[in-house]
Amino acid sequence: MNLNLRNAILNNISGNNQEQIEATIQDAIQSGEEKMLPGLGVLFELYWENANEEDKKEVLETLENHVQNMNQ
Numbered sequence: 002m003n004l005n006l007r008n009a010i011l012n013n014i015s016g017n018n019q020e021q022i023e024a025t026i027q028d029a030i031q032s033g034e035e036k037m038l039p040g041l042g043v044l045f046e047l048y049w050e051n052a053n054e055e056d057k058k059e060v061l062e063t064l065e066n067h068v069q070n071m072n073q
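Structure, rendered in structure tokens:
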């Protein structure tokens, strides 16, 4: 069986509005289940592919700050 997980996730969220996408993100984070991580990854990929350089830099700075603070 050849399952393309990325396409399955995109098909699952296709047509969702902002509230539905936010609910998907919140549910994935709150559940803490690792099986939700690929979905978050696909959403992040969509964001990254469409973000301008300023938005990407802001995300990277935020992630860097949080990652560095995890070790303190």
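Per my numbering, numbering of the sequence shown is gapless, rising by one per residue and ending at 73. C-beta atoms are modelled at their ideal positions from N, C-alpha and C, and glycine is treated no differently.
{"Asked": "Check whether A29 and G40 have beta carbons under 8 angstroms apart", "Found": "yes"}
{"Asked": "Residue from Q73, F45, N70 and L61 whose Cα sits closest to the Cα of R7", "Found": "F45"}
{"Asked": "Rounded distance between the beta-carbons of K57 and W49, thought under 8 angstroms", "Found": "7 angstroms"}
{"Asked": "Beta-carbon contacts of I10 that lie in its chain and below 6 angstroms, excluding the five residues immediately before and after", "Found": "G40 and V43"}
{"Asked": "Rounded separation between S15 and M71 - CA only", "Found": "34 angstroms"}
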